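As you go down the protein sequences, you meet chains F and U in turn.
Note that our numbering gives residue 279 to position 29 of the first sequence, counting from 1, and the numbers run on in steps of one.
Note that our numbering gives residue 325 to position 75 of the second sequence, counting from 1, and the numbers run on in steps of one.
For every residue, glycine included, the Cβ atom is placed at its ideal position computed from N, Cα and C.
No experiment lies behind these values; they were computed from the predicted model shown.
Right, one structure below, let's go through it.
Protein chains: 2
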Amino acid sequence: MRPADLPRRLLLGPGPSNVHPRVREALARPLVGHMDPTFFELLDGVQDSLRALFGTGHPLTLPISATGSAGMEACFVNLVEPGDEVLIGVAGVFGDRMAQVAARCGARVTRIEAELGTALDPDAMADAIGRIRPRVVALVHAETSTGVLQPIDRIAAASREAGALVILDCVTSLGGVTVAIDEWGVDAAYSATQKCLSCPPGLSPVSFSQRAVERAATRVTPVQSWYLDVNLLANYVGESRVYHHTAPVSAIFGLAEGLRLVEEEGMATRTERHRHAANLLIEGMGDLGFEPLVDAAVRLPSLTTLTLPEKVERGEADLRRRLLEFYNIEVGGGLGPLAGRIWRIGLMGENARVTNVEALLSALRRELG
Amino acid sequence: MRPADLPRRLLLGPGPSNVHPRVREALARPLVGHMDPTFFELLDGVQDSLRALFGTGHPLTLPISATGSAGMEACFVNLVEPGDEVLIGVAGVFGDRMAQVAARCGARVTRIEAELGTALDPDAMADAIGRIRPRVVALVHAETSTGVLQPIDRIAAASREAGALVILDCVTSLGGVTVAIDEWGVDAAYSATQKCLSCPPGLSPVSFSQRAVERAATRVTPVQSWYLDVNLLANYVGESRVYHHTAPVSAIFGLAEGLRLVEEEGMATRTERHRHAANLLIEGMGDLGFEPLVDAAVRLPSLTTLTLPEKVERGEADLRRRLLEFYNIEVGGGLGPLAGRIWRIGLMGENARVTNVEALLSALRRELG
């Protein structure tokens, strides 16, 4: 099996989404070295664009050289020391993953849970913050396992009042919905390139506030990961340009072009495009008996979760397999406790288009009609 | 600055090296999902090819979703527990990096050092192994900072006799010189894609022996990195196909094509091509007053280190800048204590060609003539 032999898929699952042709062209560009002055110029531009997208002025904003889960890990290994109290809002698989990663950093983890398909309760989070006085509070902006868009401001404000740093997962929000980490008061945010940025998986944009940088610089114990230590990474992306590891040059070429596409479109148009496509999808899927799992108020436009009509429930995996095999359309099943109970349909980045919605609806009508 | 605006470079530094056009084409291929059955088929083939290249039958052979330094970290976080005795052969920057990474895993690190530009002394290593009885012995096959190709068999044999696991850095050897980890008795090896495999940086091929897999599975403490935990990774690359993190699909497309190129050429032809190009380079550079840092017996063909003629020494950084700016040729300076004292010239993968040697020599003759 060679890459050229693979089928052409329409990727409407929870990510990766399809890569924009201009990004694919950038990936194929001949390399320059990771210490080349022209590469540093390109990287500076990538960092600027990421700051705009995260809604931040944080100097330490960069693409981590690994996928989104490594971005999550980068936030925890730098900001958590063994024995630290860490409060985590768990409303799905990715909140749960945060708790696992924090525990591996030696944190004393407290979980505040929400029912799957709902948002965290800000009062419950604020109560726990007052009670536990955590050093770090972590939560997920766009929970990819449930399709919930979590309101951030109240929880972040309560955290800052208590002196806690706030870590935020923006994997499925960045580039698809508004992210404003400075306005919210978030200290460390991470995302991924394969969702709303229409790039391949492989990089994790992160941003660290000045408070977070200071926390990392004044740790008692060394950061347990050499690869993800922001004290070292800052010397490569910053002015001193000290070699740390070899930056994934091609992936950064792709990201540079993906970010340019976002800028050309503008985030206002882009968020509206995501919202419009999701609304059309929900309407059309409703006619087929699929119902939104999530209340409209906290529904994530880039990833729609739908409960299944009775006639699909038993054979849902088979129907997804048929969509993939006969129509080349990928949609996602449920993850964790929602496996077999929901579908996850991503309309992310370039894929958030009416034609893609219609292609899926038409295929499903044929299969279910 | 857009990727399309960047200059075309001939990358003759310590890596990345230039990417083969067929690999670049593969990088630009439309994605399939990371849980797509066709992707798993492709990934199976990549794992098979990597086994052949590492010279191993280890089932757990896979590309880690990050660069070579993360592959190093993957070996240590899985095999080292806090308090473990770890013996590290340090003959350059990358042996030193191993010691840093091991220390961040809580290891009690003993370093056996070699003079820069020489190989580790097997007797000194064997003595230390007998004295310390380490749980892990780690060393570098191809030290990218010095250009030394380390003989492995005696040190690995002494390690196994003492019951220690052996970790080996193959970053600049895999695909350029013979690697035979089963024959040597190596338990965990890691490499990188941007050196002799002519792929972009971003993946780290690794291989874990059955002994290593058992060590990781029977740890007392959890692996400190969730992202690099081979107990979890094995479920994605193995038969159960459990989602862990989103695999970097495009990078794996590139690697699949890069590995196919190696197979088409055959490693015998390929190693000979690397040796031939390096010999021509050394001869030509000798005429210009550059002398090999490393004895012929332990010289690494893929990366040649050269001491500088007096007239270059003072202005070596300036000369490298001129090569880059006016000839679009990148060569590497010294790293660490060798900065300003040597050049590092990589002829790796597709770049190990006579034409590239001649281009560099001609440019240098013009500059120095």
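For alanine 254 of chain U, same chain residues with a beta-carbon under 8 angstroms away, outside a window of 5 residues either side, do not exist. Interface residue (Cβ-Cβ distance to chain F less than 8 angstroms): glycine 516 of chain U is not classified as such. Under the criterion of beta carbons closer than 8 angstroms, arginine 594 of chain U and proline 264 of chain U qualify as touching, at roughly 5 angstroms. One Cα belongs to glycine 435 of chain F, the other to arginine 461 of chain F, and the distance between them is close to 11 angstroms. One thing to note: threonine 496 of chain F has its Cβ no nearer than 8 angstroms to the Cβ of proline 309 of chain U. One finds nothing in chain F with a Cβ atom closer than 8 angstroms to the Cβ of histidine 391 of chain U; even the nearest lies about 17 angstroms away.
Of F:Leu366, F:Arg272, F:Thr317, F:Gly345, the smallest CA-CA separation from leucine 588 of chain F is found for F:Leu366. Taking C-beta atoms as the reference points, glutamate 541 of chain U and leucine 556 of chain U count as a pair closer than 8 angstroms.
Shown here for serine 299 of chain U: same chain residues with a beta carbon closer than 6 angstroms to its own, the five before and five after excluded, namely Leu509 in chain order.
The count of Cβ pairs closer than 8 angstroms, one atom from the stretch 558 to 565 of chain U and one from the stretch 399 to 409 of chain U, stays below three, leaving the stretches out of contact. If you draw a straight line from the Cα of alanine 546 of chain U to the Cα of alanine 414 of chain U, it comes to about 31 angstroms.
Taken in chain order, the whole beta strand (DSSP E) runs of length 3 or more contained in the stretch 567 to 594 of chain F are 579 to 583. By the Cβ-count criterion, alanine 276 of chain U is buried, with 16 or more other Cβ atoms from all chains shown falling within 10 Å of its own Cβ. DSSP lists U:Thr311, U:Ala439 as the beta-bridge partner residues of serine 457 of chain U. In the displayed model, proline 551 of chain F falls within coil according to three-state DSSP, outside both helix and strand. Annotation: the continuous alpha helix (DSSP H) that includes isoleucine 379 of chain U extends over 372 to 382.
The count of Cβ pairs closer than 8 angstroms, one atom from the stretch 500 to 515 of chain F and one from the stretch 321 to 341 of chain F, stays below three, leaving the stretches out of contact. Residue-level contact by beta carbon holds for tyrosine 477 of chain F and chain U, with a gap shorter than 8 angstroms. One alpha carbon belongs to glutamate 433 of chain F, the other to arginine 570 of chain F, and they sit about 40 angstroms apart. Close to chain U, meaning a Cβ-Cβ distance shorter than 7 angstroms, are the following residues of the stretch 294 to 316 of chain F: Gly295, Ser315, Ala316. The residues Val330, Glu331, Pro332, Gly333, Asp334, in chain order, have a CB closer than 8 angstroms to that of glycine 356 of chain F in the same chain once the five nearest residues on each side in sequence are set aside.
Exclusion of the five residues before and after alanine 484 of chain F leaves Leu310 as the residues of its chain whose Cβ lies within less than 7 angstroms of its Cβ. Contact note: glycine 283 of chain F reaches chain U through Arg259, Leu261, Gly263, Gly265, Pro266, Leu574, Glu580, Gly582, using a C-beta cutoff of 9 angstroms and chain order.
Residues of the same chain with a CB within less than 7 angstroms of the CB of leucine 418 of chain U, apart from the 5 flanking positions on each side, are Leu389, His391, Ile402, Ile431, Val436, Ala439 in chain order. Chain order gives the chain U residues near glutamine 444 of chain F as Thr496, where near means a beta carbon separation below 7 angstroms.
In the three-state reduction of the DSSP assignment, aspartate 419 of chain F falls in the strand class. Short of 6 angstroms from the beta carbon of leucine 558 of chain U, and not among the five residues preceding or following it, lie these beta carbons of its own chain, in chain order: Glu566.
Looking at the DSSP output, leucine 424 of chain U bridges to U:Val427. Contact annotation: tryptophan 476 of chain U and arginine 616 of chain F have beta-carbon atoms that are not nearer than 8 angstroms.
With fewer than 16 other CB atoms across the displayed protein chains lying within 10 angstroms of its CB, threonine 519 of chain F is exposed. Contact annotation: the stretch 419 to 428 of chain F touches the stretch 521 to 539 of chain F, with at least three C-beta pairs closer than 8 angstroms. Partner residues in the beta bridge of glycine 339 of chain U, as assigned by DSSP, are U:Ile362. Across the structure, valine 416 of chain U and arginine 252 of chain U are spaced so that their CA atoms are roughly 44 angstroms apart. Neighbourhood of alanine 320 of chain U in chain F, by CB distance below 7 angstroms: Ala316, Tyr477, in chain order. Between the stretch 525 to 539 of chain U and the stretch 339 to 354 of chain U, the count of Cβ pairs shorter than 8 angstroms is below three; the stretches do not touch. Arginine 361 of chain U is a Cβ neighbour of alanine 349 of chain U, given a cutoff of 8 angstroms.
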